[in-house]
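Novice: Here it is: the structure, laid out below.
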Amino acid sequence: MKVRICALAVAVVFPPAAAAQAVQQVEVAGTRLDQRREETAAAIIIGPQELQRQGDRTLADALKRVPGITIGEGGGKGSEIRMRGLGNGYTQVLLNGVAVPPGFNVESLAPELVEKVEILRSASVELGTQAIAGTVNIILRKSAPRARQEAKLGVDALAGTRSPSLGWQASDKGGGSSYTVAATASRTSTPDTRVEYETVDALAGQGGAPAVSRVSPQRNVNIARAASVAPRFTWTRGGDTLASQTFVNLYERTQGVEAHELVLAGAPTQFPDNGRHVVLRGVLLRSDLTWQRALEQGARVEAKVGVLANPRSSDFEFHSLAGGVHSGDLKVVHADIGEAGLTFSGKYQLPLGGGHALAVGWDGGRTRRTQSREEQDHTTGMAYDERYRGLITRLAVFAQDEWELGQDWSLSAGVRWEALETAVAQRGAGQIVQRSPVVSPVVQGMLKLTPQQQLRLGLARTFKAPTMVDLIPRRYTTDNNNSATNPDTQGNPALRPELAWGLDAGYDHYFGKDGLFSASAYARRIEDVTLPLLFRDGARWVRTPSNQGRADAYGMALEAKVTLSPAWAVRGNVARNWSRVADVPGPDNRLDRQAPLSANVGVDWQVFPALKAGADLNYQRGARTQVSVAEASSVGSVRKLDLYAVWQLDGATRLRLGAVNLLRRQTVEWSAAQLGSAALPGGVQQVLTRTDVSPTLRVGLERNW
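Be aware that the sequence shown starts at 11, since it is given in our numbering, and climbs by one per residue.
Next comes the structure, spelled out in structure tokens:
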């Protein structure tokens with residue numbers, strides 16, 4: 011009844027004559043489906059209409075509805091995109107076809123800056139084979155077909171805080187040139203409260219009360235400020251096209267934490283009442299210049315040069331709050347990271363006749379990274395001043411043949427050779443050099459059973475190279491309560507790349523105007539899988555990455571889109587993932603933090619020509635994971651309900667309303683470690699963290715001209 015009353019109010023305020031003035035958006039869903047249908051490789055194309063449908067502030071929020079995609083919470087490091095439930099380098103994330111720098115936060119991208127997102131389930135010899143789980147290629151805004159401007163103003167309300175955002179776009183073309191400029195600015199406040207429960211149990215079977223039991227309520231205040239601009243300019247002269255694409259992101263993130271410990275059994279930590287404050291600042295600059303020329307006989311040549319600059323700094327301080335009084339800083343850390351790189355790539359495409367199309371090319375780059383870290387630890391009287399420098403050199407060549415065997419058959423076969431060299435030097439220590447040459451064959455085929463039904467099959471060799479940070483044998487110490495569940499971390503210069511063979515299969519059935527049913531499955535065999543190794547070094551616990559044998563990952567996904575009527579559309583997807591690590595005892599010996607099940611159901615309702623509304627329900631099942639022989643963890647299930655409404659006030663103005671995370675489900679995380687110490691041989695330390703979640707209310711105004 012309430013919905014009918016709202017609809018009646020809309021009809022009164024905006025009668026049919028006014029509603030008819032609303033500009034009808036051109037449907038591009040068919041174009042995206044056609045592109046997906048014609049690709050030999052299994053791919054999902056997400057266009058701007060779908061990315062901006064629900065008014066999401068970040069690209070991470072928009073992608074969580076894509077089949078097989080989950081968004082992992084970064085715990086102060088932002089969010090990461092995961093395919094097949096796997097992040098941490100298993101999913102290759104590209105920006106305009108080039109790998110994003112380490113630490114890239116997908117929350118820094120607003121959907122308004124993005125032209126489309128390509129989801130590739132299998133590897134690509136052109137885009138790279140560092141993609142054991144798959145590839146997510148984010149394409150920034152391109153030139154529009156006509157002159158257009160658009161402005162957006164919005165505000166989010168969360169737990170008594172306000173988070174404003176601004177957006178602006180402009181585009182035009184003429185005289186053989188065109189341009190598009192998109193810019194966004196935002197301030198996001200996300201306060202939360204959490205409670206941490208820590209216990210240390212004695213030997214299994216001895217019974218009795220825990221040796222240690224502590225409860226620590228915490229209050230977190232997180233504030234993020236960001237401004238981005240993405241200009242693109244294109245010039246066309248004769249058969250030559252020159253395009254310049256730039257992305258600049260300025261950001262600052264602050265986090266303040268207060269923790270107050272209550273001891274139920276055993277001794278307190280060194281600083282039971284404490285606080286910490288972190289400030290992260292940085293600039294990300296990516297700029298590419300692409301030249302294309304059309305040659306005779308349908309051949310094309312393309313070359314692209316790009317530059318990267320990503321300077322950033324952080325300030326951290328840890329203090330005691332004993333007696334409710336802010337002490338002087340107990341630990342102060344200042345760190346600077348400078349990252350600069352150059353990329354150069356190109357390809358040559360030539361139709362060979364007989365249905366063959368040959369593509370050959372290269373992809374190279376060099377990235378230089380410098381890092382300094384100054385630390386004052388007043389609890390021990392120690393001071394540290396450390397300097398690192400690193401150089402990553404990459405060169406790849408590839409060749410691929412696209413072969414149309416007939417009207418219903420197509421085959422793509424290619425090979426990519428890639429050599430990666432990482433050199434890291436620490437002041438006062440020798441240089442660490444690791445070289446990783448990998449040959450990756452990729453074969454993919456498509457069979458059209460009928461004009462509406464397709465089968466795809468792909469086989470690929472992929473790999474995951476260790477990051478520079480994982481190779482540096484420097485130890486990062488914890489601030490308080492070093493333990494088996496809160497250890498120091500240290501890199502491993504002997505770390506090797508993970509190598510994998512992957513098999514992908516898929517079935518697509520298209521029906522109606524833009525209806526779709528899709529089923530897909532995958533399997534991966536991973537060698538030299540990287541797992542954490544936990545050990546004691548004197549009185550301190552330390553965790554380091556190490557290669558520990560083989561892992562298998564496999565799963566399936568279903569997707570459906572149905573237009574029930576001109577006013578109603580329904581969509582849904584579900585993905586199921588499994589994995590097993592051979593050298594870790596079961597049960598639950600899956601890859602760390604892999605989401606075993608994710609599902610999404612959404613509905614869109616065109617209430618009137620001037621009013622559209624919808625809802626989306628997202629679910630991720632939690633699971634326990636035996637991370638290593640000594641460690642286990644689990645993440646609770648996540649359920650989110652989002653609502654949106656778009657009201658076309660006139661032909662150029664829209665009012666957008668939204669409600670995010672209405673279910674208010676508390677998030678739960680748990681970790682445990684086998685102590686194996688002389689004091690508690692076989693004892694187990696456990697930490698359970700519960701975080702309260704609040705809904706977000708959203709309002710926005712959009713106008714184009």
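No residue lacks a Cβ here, since even glycine has one placed at the ideal position from N, Cα and C.
1) If we require 4 or more residues per run, which alpha helix (DSSP H) segments fall completely within the region 606 to 659?
2) Give every residue of the same chain whose Cβ lies closer than 6 Å to the Cβ of L469, excluding the five residues on either side of it in the sequence, and list them in chain order.
3) Report the rounded CA-to-CA distance for F408 versus P155, giving the unit in angstroms.
4) Between the region 327 to 345 and the region 300 to 311, are three or more C-beta pairs nearer than 8 Å?
5) Can you find the residues in the same chain that come closer than 6 Å, C-beta to C-beta, to S422, ignoring five residues on each side of it along the sequence?
6) Can you look up E60 in the DSSP assignment and give me helix, strand or coil?
7) From which residue to which residue does the beta strand (DSSP E) around D480 run?
8) Using a Cβ-Cβ cutoff of less than 6 Å, which residues in the same chain neighbour T300 once the five nearest sequence positions on both sides are dropped?
9) Grab the span of the beta strand (DSSP E) containing D562 for me, first residue to last.
10) Is the separation between the beta-carbon of V694 and that of D211 shorter than 8 Å?
11) So, helix, strand or coil for D66, using DSSP?
12) Please report the distance separating the alpha-carbon of T403 from that of T432.
13) Is L667 helix, strand or coil when you go by DSSP?
14) Report yes or no: do the region 256 to 267 and the region 236 to 248 share at least 3 C-beta pairs separated by less than 8 Å?
15) So for A332, helix, strand or coil by DSSP?
16) DSSP three-state label for Q307, please.
17) Nearest to G733 by alpha carbon, out of Q684, R437 and E128?
18) Report the residue from M392, S187, V479 and T390 whose alpha carbon sits nearest the alpha carbon of G248.
19) If you measure between the beta carbons of V613 and V580, is that distance less than 8 Å?
20) As a quick exercise: from S446, V110 and G710, pick the residue whose alpha carbon is nearest that of A319.
21) Should the region 562 to 577 be called in touch with the region 537 to 545, which here means at least 3 C-beta pairs below 8 Å?
22) Could you tell me the boundaries of the beta strand (DSSP E) in which D547 lies?
23) Between the beta-carbon of G668 and the beta-carbon of G170, is there less than 8 Å?
24) Any C-beta of chain D sitting closer than 8 Å to the C-beta of T390?
25) What is the rounded straight-line gap between the Cα of L130 and the Cα of L457?
26) Are the beta-carbon atoms belonging to A192 and Q179 less than 8 Å from one another?
27) Do K162 and E641 have their C-beta atoms within less than 8 Å of each other?
28) Please classify T706 as buried or exposed, where buried requires at least 16 other C-beta atoms within 10 Å of its C-beta.
29) In the structure shown, what three-state DSSP assignment does L137 receive?
30) Could you round the C-beta distance between R378 and G416 to whole angstroms and report it? I think they count as a contact, below 8 Å.
31) Looking at D480: is its Cβ nearer than 8 Å to the Cβ of P507?
32) Which first and last residues belong to the beta strand (DSSP E) in which R378 is found?
Specialist: So, to answer that:
1) The region 606 to 659 contains no whole alpha helix (DSSP H) run of 4 or more residues.
2) Taking C-beta separations shorter than 6 Å and ignoring five residues to either side along the sequence, the partners of L469 in its chain run V453 and L513, following chain order.
3) Note on geometry: alpha-carbon atoms of F408 and P155 lie some 33 Å from one another.
4) Touching, no, given that fewer than three Cβ pairs across the two stretches are closer than 8 Å.
5) Excluding five sequence positions before and after S422, the CB atoms of its chain that fall closer than 6 Å to its own CB belong to T50, E412 and Q454, given in chain order.
6) In the structure shown, E60 sits in a helix (DSSP, three-state: H, G or I).
7) That residue, D480, is in no beta strand (DSSP E); its alpha helix (DSSP H) goes M478 to L481.
8) Excluding sequence neighbours, T300 sits near A253 and K314.
9) Per DSSP, D562 belongs to the beta strand (DSSP E) from R560 to S575.
10) Their beta carbons are under 8 Å apart, which means V694 touches D211 by this criterion.
11) Coil.
12) A direct Cα-to-Cα measurement between T403 and T432 gives close to 7 Å.
13) Reduced to three states, the DSSP call for L667 is strand.
14) Yes, the region 256 to 267 touches the region 236 to 248.
15) DSSP, read as helix, strand or coil, puts A332 in helix.
16) Three-state DSSP puts Q307 in a helix.
17) Limits of the chain in this structure are 11 at one end and 715 at the other, which puts residue 733 out of reach.
18) When only C-alpha atoms are compared, the closest one is S187.
19) Yes, the Cβ-Cβ distance between V613 and V580 is below 8 Å.
20) Nearest option by C-alpha distance: V110.
21) No, they do not touch.
22) If you look at D547, you'll find it in the beta strand (DSSP E) that goes T540 to D547.
23) Between G668 and G170, the gap from beta carbon to beta carbon reaches 8 Å or more.
24) Note that chain D does not occur in the displayed structure, where there is just one protein chain.
25) Approximately 18 Å between the Cα atoms of the pair.
26) Yes, these two residues count as a Cβ contact at 8 Å.
27) Cβ distance not < 8 Å, so K162 and E641 don't count as in contact.
28) Per the 10 Å Cβ criterion, buried.
29) If DSSP states are grouped into helix, strand and coil, L137 belongs with coil.
30) Their Cβ separation, rounded to whole angstroms, is 50 Å, which puts R378 and G416 out of contact at 8 Å.
31) Between D480 and P507, the CB-CB gap reaches or exceeds 8 Å.
32) For R378, the uninterrupted beta strand (DSSP E) run begins and ends at H366 to D387, by DSSP.
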